[in-house]
Amino acid sequence: MIILVVEDDECVADALRSALGMHGHRVVTAGTGQDALQQLDGCDFVLLDLGLPDLDGIEVCKRIRDLSTVPVIALTARSEEIDRVMGLHAGADDYVVKPYSLHELNARIEAVSRRSCRCGVAGDGHDPTCHGRAREVLTADGLELDLRSRSATLQGRRLSLTRKEFDLLAMLVEDPESLHTREDIIARVWDENWYGSTRTLDVHVGSLRSKLGSYDWIETQRGVGFRLGSAGRP
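Here it is as structure tokens:
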């Protein structure tokens, strides 16, 4: 992939260039928010430091999201929960707190790329030409999820989904062959530090099955988790 590294510390930028290059990526660097926006076109992924000299990183993230669906990982020394929430609400796909290991960063890049790079055509599987560009629509046998507008339709009928229901369904549809553990779903759809009862997950699954009109849309692996059911995998 062509990865845009937005980092005003040249030593950090050079280290990332070297590390990412070892994994076969080509790195473009930008030291300011304005420079990043000018170099965004053609990039497949963005690593965005939130502590920039000209613009607040949250604002840069918002502007990137207005221009593109390219995956963004925010890199920052800000570790407070409100900072993570603001970064994710601004459109970041993930959030890594400094100091971080390069192994962790690469793993997160791969994870975000996998989530972002599956084709939006039912039955196509993974598109090797996607190279990390986030798609805007997920589909599965008559079900269509528009990630930009957060709207869902089934056979042309609009579904009234809550935010958590939409996120849960999108997680299942974007990786239809995988069995998602209860822990993974809770961490992604709710919060990795969720301390409430996992019973809320069962409630949301039940609600989704009702709104989709069939139990077969979501398959249960008792004691483990859930995957997209046979109704969504023709």
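Add 51 to a position in the sequence shown, counting from 1, and you land on the number used in this note's numbering.
The beta-carbon is built from N, C-alpha and C at its ideal position, and this holds for glycine as well.
Please read these numbers as outputs of a predicted model, since none were measured by experiment.
- Here Ser202 carries a strand assignment [DSSP, helix/strand/coil].
- Using a 10 angstroms sphere on the CB of Pro122, the tally of other CB atoms reaches 16 or more, which defines it as buried.
- Per DSSP, reduced to three states, the secondary structure at Arg273 is coil, with no helix or strand assignment.
- Of all alpha-carbon atoms in Val111, Thr251 and Arg77, the one lying nearest the alpha-carbon of Ala125 is that of Val111.
- Between Val78 and Leu223, the alpha-carbon positions lie close to 32 Å from each other.
- Within the region 66-93, the runs of alpha helix (DSSP H) at least 4 residues long that lie entirely inside it are, in chain order, 84-90.
- Val136 is classed as exposed because its beta carbon has fewer than 16 other beta carbons within 10 Å across all chains shown.
- Judged by pairs of C-beta atoms under 8 Å, the region 65-80 does not touch the region 191-209, as fewer than three such pairs exist.
- In this structure, DSSP gives Gly102 an extended state, which the three-state scheme calls strand.
- For Leu220, the enclosing alpha helix (DSSP H) stretches over residues Arg214 to Glu225.
- Residues of the same chain with a CB within less than 7 Å of the CB of Leu156, apart from the 5 flanking positions on each side, are Val147 in chain order.
- With respect to Gln90, Leu118 sits apart: the two C-beta atoms are not nearer than 8 Å.
- Taking a contact as a CB-CB distance under 8 Å, the pair Leu210 and Ala203 counts as one, their CB atoms being some 4 Å apart.
- Counting only the Cα atoms, Ala128 lies some 30 Å from Glu187.
- DSSP, reduced to helix, strand and coil, places Leu194 within a strand of the structure shown.
- Boundaries of the alpha helix (DSSP H) around Val254: Arg250 to Leu263.
- In this structure, DSSP gives Leu153 a helical state, which the three-state scheme calls helix.
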